[in-house]
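Reviewing the structure listed below.
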Amino acid sequence: MALLWIYPSLLFFLLPSLTPSQALRNYPENEVTLLDSMSALGDLGWEAYPAEGWEEISVMDESNTPMRSYQVCNVMEANQNNWLRTRHIPRDGAQRVYIEIKFTLRDCNSLPGVPGTCKETFNMYYYESNNPNLWFIKESQYVKIDTIAADESFTQTDVGDRVMKLNTEVRDISNLSKKGFYLAFQDVGACIALVSLRVFYKKCPLTVLNLAQFPDTVTGGDSALVEVRGSCVNDSEEFEVPRMFCSADGGWLVPIGRCVCKPGFEEHKDYCQPCRTGSYKASAMDAYCSKCPPHSYSHQEKASECSCDKGYYRADMDPRSMACTRPPSAPENPISTLNETSVTLEWSPPRDTGGRGDVAYNVHCKKCSGEGRECSPCGSGVHFIPRQFGLSLAKVQVTDLLSNTNYTFSIEAVNGVSDLSPNPKQLVVVNITTGQTVSVILKERKSKDSITLAWQGPDRPNGAIVEYEVIYYEKNQRDQNYTVLKTKANVMTVEGLKPGTTYVFRVRARTDGGYGSYGGEIELETSHEDMLAIGDPNQSTILAVSIAGGIVLLIFLVACFVVSGRHCGYIKAKQDPDEEKMQFQHGRVKLPGSRTYIHPHTYEDPNQAVRDFAKEIDASNIRIERVIGAGEFGEVCSGRLKLPSKREIYVAIKSLKAGYSEKQRRDFLSEASIMGQFDHPNIIRLEGVVTRCKPVMIITEYMENGSLDTFLKKHDGQFTVIQLVGMMRGIASGMKYLSDMNYVHRDLAARNILVNSNLVCKVSDFGLSRVLEDDPEAAYTTRGGKIPIRWTAPEAIAYRKFTSASDVWSYGIVMWEVISYGERPYWEMSNQDVIKAIDEGYRLPPPMDCPVVLHQLMLDCWEKSRSDRPKFGHIVNTLDKLIRNPNSLKQLANISVWEDATTPELSVNTVEEWLDAIKLGQYKDNFATAGYVTLDSILYISINELRKMGVTLVGHQKKILSSVQSLQAQGTHVHV
């Protein structure tokens, strides 16, 4: 301590004056302090060797609070080797710790008489150990952290004026593995005061995002990200596994997945709150609780569905949002039309349908015979067309009834809840009696070309006999042709027959109640000669009476010649096979094998599609605040939506301009019919529509940052690669969801991606979308309309065929837009040049600073053959792997847009032409003012010079420097 004889107060003045605010420091939330010498209440107790080296001292700050520190100043003696070692510092599980030291150091030149061995630096070391009580460590066992030099040193004048400044240095130690470590400071001949030492590590603090809680997480041992799986908060469940990445600087990055509130709970800030009484939430996929539908109630909180009022019911297949309903009343106004042994029954729908639209009808049949009118089920001999049960129309035909028989038909209306009601079903009853059979041919006379018949009418006709019908045909020739004749008498002569031929005759009667059944078959043969054949002793008497009575024979009716067994409409058709069974899902009929997505154009009434998929919102619940844009059909505004029993939310409002046609209204609302079928965190969410008043509006969630292309241009160069990949991953996840629903977007581009305040990207604009057929390889062929050439796959341009594979091509273009911060694909090439270049194999080169793996994924999306392109599920998995392994993104592609020889070449001769060529003409005055007026003058321009000139956007700087490199290689020709 020889210097103290020259400057006895030196040790005191090595320490600057500290205020209480300097001594009591508030540290960032993401830093955990392991050691802070400023907070020590007593001696630090560090080991110093040799003993005459470092010395512990105590000084008072301005509030008279003692501070402990160490200092050394053996500058008058050569070959100094003074060590100061801390106590054992537990690492608390951290793999990487930071050491912050504050110190002062005396300028050697300000010390008179000090030999040349005076130093202005000191060394810092560490030693890892599981033993907290080591008393000796060899110097060779320490690991050097760094040599510490002062940015500010002080002189004797500074000591007198008390204006010395603290030096602050921060170093870190990585990959620690033992329980703790020791720090050591080596002085080799300097005049130093070690004012404070703080040892800390960084963590990502506990946070809640998307209803998932992410715990305090210690950062990794190096720059790698730490993947953390979140746990759903109380009363929520996983929709997609929630994950985030903890960065090396203690910040959370790239949220993936989310939790949703369980049935009976709704999201409120960062937790799930129970549905209040009178409300419910049936599915975790629903965002908020809803008021109980009509005729239902919930008397307790946390209801996942509302119970039905007495007398009302809900079927198993009914959505929980549907009102409770009841069975229908009986059908009304039954009408029966009897014809032969068949009857047609018709009726009116029930006056009360029970509040449902799935009313069907069942017909029960009973057969009654005898004087006692004993009745029994009709059995399988009677047939119903189209069927007996589950009729959708209020009409049925019953065939193959017995003649001269009483029938009772009971018709009931049923709906989806009829079987749930304990009350008997309400019926309407129809009674009919069928006609009787002409059973006996009494007389007959025959000649070589005619036969005369006489018969006895029914014993108990069902009303007055109107006429008789005679049907005949050659034996064994019924399937070829037959003849039908009619008469009001009970005798008939059939002429024009073939001699010596056997004919079969049948007769039936028609009364006011309809036709009866045919009597039994009678076979009669014409004579070979003209003679009278009497088959009965009384026949001559009957013929005489007939002639005397002037029986008038009716003219033959036109014969019916029918081929292949179809008998002029008098032979009943075979019953159709049972109809294919249908399934009901969410109140709509769903045929087996049908796709999940339902295109609005498949509806006969497009308005029904809107009612099925979009919620009607009362216009009084909407407050429009400002215009934010214009669409094809009208203005786009932002505003607020406040629904009853729900919190107010920000929304975007598309309105249909006045004077629209009905077709424009349908086209406008068809987008809502499409959006309403989607529920995914990366698909724009439909809140509802306004159709019952003007203007017609579509209400969607509000995306604060607008379209992705504009957002990227505004923040050129401001995001990390990981953040950009996170955006791409969100878009791919949304497109995978659409693809899984067999849905093709057709206009995927950055302009149609919206970004919210959390940088979550969501697919929007479904105006050009089309649905795929059931065959996953099928394509939809358009009938015209504009195609976005720069984003569209070659097969879609050439043949107007769009598939999920063509959406993958468009996704590759979107990736390129994201990495280039909204650059226009193919720059100023014309559409025809783009089509030709792609057909010849040209593909967009990687943008500036584009990782190789991302450009390769783009190229995979741009494979010429559709089958060679990756599916969206594969793309999502690939991006997830890149996010988990950021090192894979470090290798950059070294090809720039200006070096690609396949792009069209444009010659430029001046700086102004060059700036126009690279679309940065706004900097002409900047270059001219700075003196860059010739192409040669810009060949060696630096980034610092660009900043001085006012070119501050990172993306513009990169584009200029890349173009300058091209100019250096190619002379005065720039490729665009």
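Numbers -23 to -1, 1 to 953, taken from mature numbering (1 follows the signal peptide of the UniProt record, and there is no 0), label the letters of the sequence shown in order. Ideal Cβ positions, reconstructed from N, Cα and C, are used throughout, including at glycine.
Taking a contact to mean a Cβ-Cβ separation below 8 Å, would you say residue i touches residue j in this structure?
i	j	result
L701	C738	no
V666	I594	yes
K936	L897	yes
K180	G227	yes
T411	N381	yes
L153	I78	no
N144	L88	no
A189	C236	yes
P304	V394	yes
Y91	Y103	The identity of residue 91 in the sequence shown is Val, whereas the question assumes Tyr. No, they are not a contact pair.
T196	V205	no
Out of the options, state which residue places its alpha-carbon closest to the alpha-carbon of residue i.
i	options	result
M101	F162, E116, R68, T42	F162
R64	G19, L12, I76	L12
L869	I860, V885, P828	P828
Y492	L111, I766, V320	V320
S398	S650, P658, A466, G288	G288
Y257	R83, C238, C283, E648	C283
V931	S797, F80, L834, Y909	S797
S213	D810, N187, G22	N187
R422	S387, K463, E472	E472
N458	E446, Y450, T464	Y450
Y627	Q654, S650, T677	T677
Residue range of the beta strand (DSSP E) that residue i falls in?
i	result
K115	Per DSSP, K115 belongs to no beta strand (DSSP E) and is neither H nor E.
D123	120 to 126
Y239	Position check: residue 239 holds Lys in this sequence, whereas Tyr was assumed. It is not in any beta strand (DSSP E) - K239 carries neither H nor E in the DSSP assignment.
F361	360 to 362
K179	169 to 181
V673	That residue, V673, is in no beta strand (DSSP E); it is neither H nor E in DSSP.
I307	According to the sequence displayed, residue 307 carries Ala and not Ile. Taken as a continuous stretch (DSSP letters only), A307 belongs to no beta strand (DSSP E), as it is neither H nor E.
residue 957	With the chain covering -23 to 953 only, the question about residue 957 has no answer from this structure.
Could you confirm whether any beta carbon from chain D is found closer than 8 Å to the beta carbon of residue i?
i	result
K713	Absent here is chain D; the protein component of the structure consists of one chain.
Near residue i, what residues of its chain come up, given a Cβ to Cβ distance below 7 Å and the 5 sequence neighbours on each side ignored?
i	result
A371	P308, E323, W324, S325, P326, Y338
K452	T479, Y480, V481, E500
S357	none
E278	P251, C252, R253, T254
N598	L618, K619, L620
I601	C614, G616, I630
For residue i, I'd like the list of residues in its chain whose CB is within less than 6 Å of its CB, leaving aside the five on either flank, ordered along the chain.
i	result
V165	Q57, K96
P554	Only weak support exists for where P554 lies, its pLDDT of 32 falling under 50; the coordinates are left without a value.
E768	Glu is not the amino acid found at residue 768; the sequence shown has Trp there. If we look at W768 and ignore the five residues flanking it on each side, its Cβ neighbours are A726, S787, I790.
A17	R45
D286	H272
Q942	none
Y26	W60
G611	S632, L633, K634
C670	A596
L938	none
V613	I605, G606, K631
L530	Confidence in L530 is poor, its pLDDT being 34 and thus under 50, which makes the residue's placement unreliable; the coordinate value appears in the next sentence. Cβ neighbours of L530 beyond the five flanking positions: T470.
Mind checking which residues open and close the alpha helix (DSSP H) that includes residue i?
i	result
M792	781 to 796
G703	698 to 717
N584	583 to 590
G606	No alpha helix (DSSP H) holds G606; the beta strand (DSSP E) holding it covers 599 to 607.
Y47	Counting along the chain, Y47 falls outside any alpha helix (DSSP H), though it belongs to the beta strand (DSSP E) covering 43 to 49.
D776	Residue identity check: residue 776 is Tyr in the sequence provided, not Asp. Unbroken alpha helix (DSSP H) run through Y776: 771 to 776.
W891	888 to 894
residue 954	Absent from the structure is residue 954, since the part of the chain shown begins at -23 and ends at 953.
Give me, in chain order, the residues of the same chain whose beta-carbon lies closer than 8 Å to that of residue i; leave out the 5 immediate sequence neighbours on both sides.
i	result
L866	V698, I699, V702, P828, V830, L831, L859
N392	T302, P304, P305, T330, G331, R333, D335, V336, A337
Touching or not, the segment 781 to 792 and the segment 721 to 730, by the rule of three or more beta carbon pairs under 8 Å?
yes
Touching or not, the segment 68 to 78 and the segment 37 to 54, by the rule of three or more beta carbon pairs under 8 Å?
No, they do not touch.
When you compare the segment 707 to 715 with the segment 835 to 854, are there three or more beta-carbon pairs, one atom per stretch, that lie closer than 8 Å?
yes
Would you check if there are 3 or more beta carbon pairs closer than 8 Å linking the segment 770 to 786 to the segment 817 to 827?
Contact between the segment 770 to 786 and the segment 817 to 827 is absent, because fewer than three Cβ pairs lie under 8 Å.
Would the segment 185 to 205 count as touching the segment 641 to 653 if we require 3 or more Cβ pairs under 8 Å?
no
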